[in-house]
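The sequence shown: position 450 = 450 (the UniProt record's numbering), numbered continuously.
The C-beta atom is built at its ideal place from N, Cα and C for all residues, glycine as well.
As the structure is a prediction and not an experimental result, all values here were calculated from the model.
I have placed the structure first, in the form of structure tokens, so that the comments after it can refer back to it.
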Amino acid sequence: MSGHGEPVPMVARKGGRLAGVAAIPGDKSISHRALILGALSVGETRVTGLLEGQDVLDTAKAMRAFGAEVERTGEGAWRVHGVGVGGFAEPEQVIDCGNSGTGVRLIMGAMATSPIAATFTGDASLNGRPMARVTDPLALFGARAFGRAGGRLPMTILGAEDPVPVRYATPMPSAQVKSAVLLAGLNAPGETVVIEREATRDHSERMLRGFGAEVTTEVTSEGRVIVLKGQPELRGQVVDVPRDPSSAAFPVCAALIVEGSEVLVPNIGLNPTRAGLYETLREMGADLTYENPREEGGEPVADLRARFSPNMKGIEVPAERAASMIDEYPVLSVVAAFAEGRTEMPGVKELRVKESDRIDAMAVGLRACGVEVDEGEDWWAVEGRGPAGVAGGATVESRLDHRIAMAFLCLGLATEAPVTVDDAGPIVTSFPIFEPLMRDLGASLTRAEG
Numbered sequence: 001m002s003g004h005g006e007p008v009p010m011v012a013r014k015g016g017r018l019a020g021v022a023a024i025p026g027d028k029s030i031s032h033r034a035l036i037l038g039a040l041s042v043g044e045t046r047v048t049g050l051l052e053g054q055d056v057l058d059t060a061k062a063m064r065a066f067g068a069e070v071e072r073t074g075e076g077a078w079r080v081h082g083v084g085v086g087g088f089a090e091p092e093q094v095i096d097c098g099n100s101g102t103g104v105r106l107i108m109g110a111m112a113t114s115p116i117a118a119t120f121t122g123d124a125s126l127n128g129r130p131m132a133r134v135t136d137p138l139a140l141f142g143a144r145a146f147g148r149a150g151g152r153l154p155m156t157i158l159g160a161e162d163p164v165p166v167r168y169a170t171p172m173p174s175a176q177v178k179s180a181v182l183l184a185g186l187n188a189p190g191e192t193v194v195i196e197r198e199a200t201r202d203h204s205e206r207m208l209r210g211f212g213a214e215v216t217t218e219v220t221s222e223g224r225v226i227v228l229k230g231q232p233e234l235r236g237q238v239v240d241v242p243r244d245p246s247s248a249a250f251p252v253c254a255a256l257i258v259e260g261s262e263v264l265v266p267n268i269g270l271n272p273t274r275a276g277l278y279e280t281l282r283e284m285g286a287d288l289t290y291e292n293p294r295e296e297g298g299e300p301v302a303d304l305r306a307r308f309s310p311n312m313k314g315i316e317v318p319a320e321r322a323a324s325m326i327d328e329y330p331v332l333s334v335v336a337a338f339a340e341g342r343t344e345m346p347g348v349k350e351l352r353v354k355e356s357d358r359i360d361a362m363a364v365g366l367r368a369c370g371v372e373v374d375e376g377e378d379w380w381a382v383e384g385r386g387p388a389g390v391a392g393g394a395t396v397e398s399r400l401d402h403r404i405a406m407a408f409l410c411l412g413l414a415t416e417a418p419v420t421v422d423d424a425g426p427i428v429t430s431f432p433i434f435e436p437l438m439r440d441l442g443a444s445l446t447r448a449e450g
């Protein structure tokens with residue numbers, strides 16, 4: 001059952017080619033951060049291209065609860081009047097972050113160094129995800145967390161009354177953890193330092209600088225060292241959100257495996273800490289081209305054209321690339337099923353603790369569709385069957401995970417028999433126009449009887 005209503009079973013069938021322009025919604029990671037930093041700024045922030053999926057809407061609601069003025073002024077256009085660093089008020093109600101791990105972890109960081117309390121909850125999927133990876137470093141600032149066993153939501157955070165700066169080496173590659181620590185460091189005196197052994201998406205660092213914070217990044221023998229000078233005065237900005245490369249992955253990957261397809265995705269964000277999937281696909285032999293490369297709002301963007309690619313080969317994806325494409329492994333495994341040979345994906349244990357155990361969810365569903373999958377705790381591999389070798393014909397569980405649902409719907413567009421997803425409802429959390437967008441490109445997607 002979806003965390004946002006009754007189950008929405010959906011069936012994907014092989015049909016004609018996919019063709020046209022895919023106007024992908026705004027980047028989810030940047031949308032979250034624009035709202036949070038706007039709320040922590042002095043003056044007005046105007047955001048265009050904001051992703052209006054449920055995850056981001058839940059963050060907007062949370063910023064209102066902490067005292068910021070947040071309003072929608074048009075399609076994708078929002079205004080935030082912030083309260084300044086350290087200006088969060090104590091919310092009167094529980095903060096419900098729905099399905100969003102990014103939202104809850106970043107908001108925890110943003111309030112952890114203010115002397116207020118806030119209680120957080122979410123849907124069944126989010127309440128099962130580990131929060132200690134964030135609350136442990138926040139405790140170093142002086143914040144305290146009280147939640148369920150295993151560090152799970154619902155959870156109350158008591159912000160630090162006298163926060164101290166922190167030097168923290170992240171134990172796993174996680175942009176959420178890094179960003180939570182940096183946001184907490186805003187209201188701590190002195191310098192807060194985060195050390196990453198593996199680089200993760202750097203939207204927080206870029207946007208913090210844009211809002212006026214002093215942030216430096218240096219690569220040393222310890223790893224990537226990010227230093228934030230605390231207690232700045234952030235100033236409201238104009239933020240133009242680029243299109244989400246993680247959402248774009250679905251029509252792009254579908255075009256690669258559906259015969260005769262050609263799809264153009266304009267204005268897609270190509271931040272190098274996010275573009276690992278597209279590098280991997282090109283190494284596999286995918287027909288992908290970047291057109292009109294440029295920079296907007298401090299982020300590299302381009303128009304991406306994807307064409308049917310019947311001659312792709314399986315590869316070993318470099319483990320060090322995992323952080324730049326961690327959300328795209330489910331749909332990569334779908335493409336791998338239509339490539340020739342074995343695609344190996346090491347260094348991906350983070351997939352075990354996403355909205356679902358994504359390795360297990362994809363392995364079970366792919367096997368049901370006739371694809372051989374091997375897996376371990378920190379790796380998995382798909383034995384490709386070539387462009388016309390995947391049977392399909394299964395009903396698979398989305399497990400309240402939007403990316404699992406979309407990945408299998410893309411699979412079903414190229415399998416011999418239809419593929420049914422038991423609940424496509426969670427897709428609304430990140431990609432609310434997925435269904436009509438894919439249909440407009442020519443995809444055969446139909447609602448099934450629940």
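Item	Value
Determine the contact status of R385 and V371, defining contact as a CB-CB distance below 8 Å.	yes
Between the C-alpha atoms of G49 and E295, what's the straight-line distance to the nearest angstrom?	15 Å
Could you give the distance in angstroms between the alpha-carbon of E316 and the alpha-carbon of L281?	11 Å
Determine, using beta carbons only, whether L264 and D303 come nearer to each other than 8 Å.	yes
Tell me the DSSP bridge mates of H81?	E44 and E69
Pairs of beta-carbons, one from the region 240-259 and one from the region 204-221, closer than 8 Å: are there three or more?	no
Near T429, what residues of its chain come up, given a Cβ to Cβ distance below 6 Å and the 5 sequence neighbours on each side ignored?	G53, Q54, D55, N99 and H402
By Cβ distance, which residues of its chain are closer than 8 Å to D440, with the 5 residues on each side in sequence left out?	G20
Which same chain residues end up closer than 7 Å to G298 when comparing Cβ atoms and leaving out the 5 residues on each side of it in sequence?	R206 and G210
Do you know how far the Cα of G109 is from the Cα of S179?	8 Å
Can you tell me the Cβ-Cβ gap for Q176 and G101, rounded? I've got them flagged as a contact below 8 Å.	6 Å
Looking at the strands, I want to know which residues DSSP matches up with E316.	E344
Excluding the 5 residues flanking P347 on each side, which residues of the same chain have their C-beta closer than 6 Å to its C-beta?	At residue 347 the sequence reads Gly, which differs from the Pro that was named. Only A319 and A322 meet the Cβ criterion.
Rounded to the nearest angstrom, how far is the Cβ of G285 from that of S309, given a contact under 8 Å?	6 Å
For N292, does the three-state DSSP call read helix, strand or coil?	strand
What whole-angstrom Cβ distance do A405 and V421 have, given they're in contact under 8 Å?	5 Å
What three-state label does DSSP hand M63 in the structure shown?	helix
Give a yes or no on whether the C-beta atoms belonging to S247 and F408 are separated by under 8 Å.	no
Buried or exposed for N271, please, with buried defined as at least 16 other CB atoms from any protein chain shown within 10 angstroms of its CB.	buried
CB-CB under 6 Å to E161, same chain, minus the five flanking residues each way: which ones, in chain order?	P115
Whose CA, out of T119, L413 and T113, lies closest to the CA of L182?	T113
Taking only the alpha-carbon atoms, compute the straight-line gap between K229 and V219 and give it to the nearest angstrom.	18 Å
If we ignore side chains and look at the alpha-carbon of each, how far apart do S125 and D58 end up?	15 Å
Quick check on DSSP: helix, strand or coil for A169?	strand
Which complete beta strand (DSSP E) runs does the region 244-304 hold, if anything under 3 residues is left out?	262-269 and 287-296
What are the uninterrupted segments assigned as alpha helix (DSSP H) that are 4 or more residues long and contained completely in the region 391-431, given in chain order?	402-412
Would you give the residue range spanned by the beta strand (DSSP E) that I157 belongs to?	R152 to L158
Who are the Cβ neighbours of A184 in its own chain at under 7 Å, not counting the five residues just before and after it?	G109, A112, T113, L138 and F141
Please name the residue, chosen from G190, A169 and G212, that lies closest to A199 on a Cα-to-Cα basis.	A169
Is it right to say T289 is buried, meaning 16 or more other beta carbons lie within 10 angstroms of its own, or is it exposed?	exposed
Look up G147 in the DSSP assignment and give the residues it is bridged to.	M155
Quick check on DSSP: helix, strand or coil for M362?	helix
Assuming A117 is part of the beta strand (DSSP E), what are its boundary residues?	A117 to T121
How many angstroms separate the CA atom of V419 from the CA atom of A448?	11 Å
Could you check if F250 is buried or exposed, using at least 16 other CB atoms within 10 Å of its CB as the buried criterion?	buried
Can you pull the DSSP bridge partners for S444?	R13
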